[in-house]
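In my numbering, the protein residues as written are 1 to 359. No residue lacks a Cβ here, since even glycine has one placed at the ideal position from N, Cα and C. Note that the structure is a prediction, hence the values are computed from the model and not measured. Okay, so here's the structure we're looking at.
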Ligand SMILES: NC(=O)c1ccc[n+]([C@@H]2O[C@H](COP(=O)([O-])OP(=O)(O)OC[C@H]3O[C@@H](n4cnc5c(N)ncnc54)[C@H](O)[C@@H]3O)[C@@H](O)[C@H]2O)c1
């Protein structure tokens, strides 16, 4: 039976939506259109072929719990849309490193850090038979991300990097994966219909229709721990780079922007609100403005995309393709090794699935 063995680091809201999503769509029909998946059958792999075999976190309330329970443990606030049966996978403790900012110790209910070494993580990965490690660490986890990327390399796991530390899009790191004959996809997942893809499409529309874009901003509000973590500007430098480059890369001239997480509004919980504003000039230098407000449940917005990515990475493992996966990274991440317009990236992924594109 086909099986894709996945480990996750960071059992927060994104992991919750991913794990629930695999359960929710386990009986989807091959010809069914599932909102948020490219295909139910992705290169021969069904959603139900994904099996979670290991998980790491630093929360006292999550460590030691079955993963099916840990995903519904506070401060997680992702809506419950599937009943996940016991998975037989206990959440393992990981090192804290820079995963937990000072102001997040309490909200995450972080443990004292114990004495977890890289060898312990590698052992858990190897013993579980994990083939792919999905990184859901908080924004600002520079050292922790590199720690887990190295652990994946040492344990022989491919990496899916869902957060804005640059691994797949960093030459030195992607080369390490190539040398170990392992694929890597990233960085910073682009949600199904989130602020980034919407902003990219608005800007692209303007460029395609000959409108000169003079200024644009994208403000984001949310009420979960992802947003609370990002109230410290120091932690979100790479998030701003990732979100800003995703938009700017589509414009062939310099464009003044302000793009990023803007505030934490606790009662919004897992709801995210995004305001996009754009000012431009059309024929005769006549002004034009666009104002958009988007409201989404944040975590389920990225889960379908990650289910597709996991299956694309599994195809790479089957096909013995190593290093950065160009097509799926361009399609599914904000900061890929190569930025192309989204319709191009989608075509590349379809070709990749058929085996007509190597990576
Ligand atoms: N729409 C989306 O969900 C989306 C989109 C793009 C990027 N992301 C990124 O994905 C990441 C995860 O998002 P989230 O909403 O699940 O965050 P979250 O705050 O809900 O979860 C983070 C989890 O990581 C754990 N953690 C902290 N330090 C750790 C460490 N050293 N080792 C192991 N676990 C540790 C926390 O205890 C928590 O369970 C963030 O970086 C976010 O920006 C999410």
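- DSSP, reduced to helix, strand and coil, places residue 109 outside both helices and strands of the structure shown, so it counts as coil.
- No residue range can be given for residue 30, since it is assigned to no alpha helix (DSSP H) and is classified by DSSP as neither H nor E.
- Just so you know, the alpha carbons of residue 180 and residue 107 end up roughly 37 Å apart.
- The criterion of a C-beta distance shorter than 8 Å is not satisfied by residue 71 and residue 141.
- Out of 36, 207, 187, 343, the CA that lies nearest to the CA of residue 281 is found in 207.
- Distances from the CA of residue 243 to each of 188, 126, 312 were compared; the closest alpha carbon is that of 188.
- Taking the C-beta atoms as reference points, residue 113 is found no nearer than 8 Å to residue 138.
- Residue pairing by DSSP leaves residue 235 without any beta bridge partner.
- Counting of Cβ neighbours within 10 angstroms places residue 46 among the buried residues, the total reaching 16 or more.
- With respect to the 8 Å criterion, residue 254 and residue 13 are not classified as neighbours on the basis of their beta carbons.
- By the C-beta density criterion, residue 76 is buried, having at least 16 other C-beta atoms within 10 angstroms.
- DSSP places residue 200 outside any beta strand (DSSP E); the residue lies instead in the alpha helix (DSSP H), whose first and last residues are 195 to 208.
- Residue 304 is not a Cβ neighbour of residue 264, given a cutoff of 8 Å.
- Boundaries of the beta strand (DSSP E) around residue 280: 271 to 282.
- By the criterion of a C-beta distance shorter than 8 Å, residue 129 is surrounded in its chain by 5, 53, once the five residues flanking it on both sides are discounted.
- Judged by the Cβ position, residue 96 qualifies as a neighbour of ligand 1 at the 7 Å threshold, a heavy atom of the ligand being closer than this.
- Taking the CA atoms as reference points, residue 162 sits about 43 Å from residue 284.
- The Cβ-Cβ distance between residue 324 and residue 134 does not fall below 8 Å.
- With contact defined as three or more Cβ pairs closer than 8 Å, the region 145 to 159 and the region 168 to 182 are in contact.
- Look at residue 198: its beta carbon is at least 7 Å from all of the heavy atoms in ligand 1.
- Residue side-chain check: residue 136 places its Cβ nearer than 7 Å to a non-hydrogen atom of ligand 1.
- One thing to note: residue 336 has its Cβ no nearer than 8 Å to the Cβ of residue 158.
- In terms of side-chain proximity, the C-beta atom of residue 237 is found no nearer than 7 Å to any non-hydrogen atom of ligand 1.
- DSSP links residue 135 through a beta bridge to 9, 161.
- Exposed is the label assigned to residue 103, since fewer than 16 other Cβ atoms lie within 10 Å of its Cβ.
- In this structure the region 22 to 36 does not touch the region 109 to 124; the number of beta carbon pairs closer than 8 Å is below three.
- Contact between the region 170 to 180 and the region 191 to 206 is absent: fewer than three C-beta pairs spanning the two stretches fall below 8 Å.
- Only exposed fits residue 344, as fewer than 16 other CB atoms lie within 10 angstroms of its CB.
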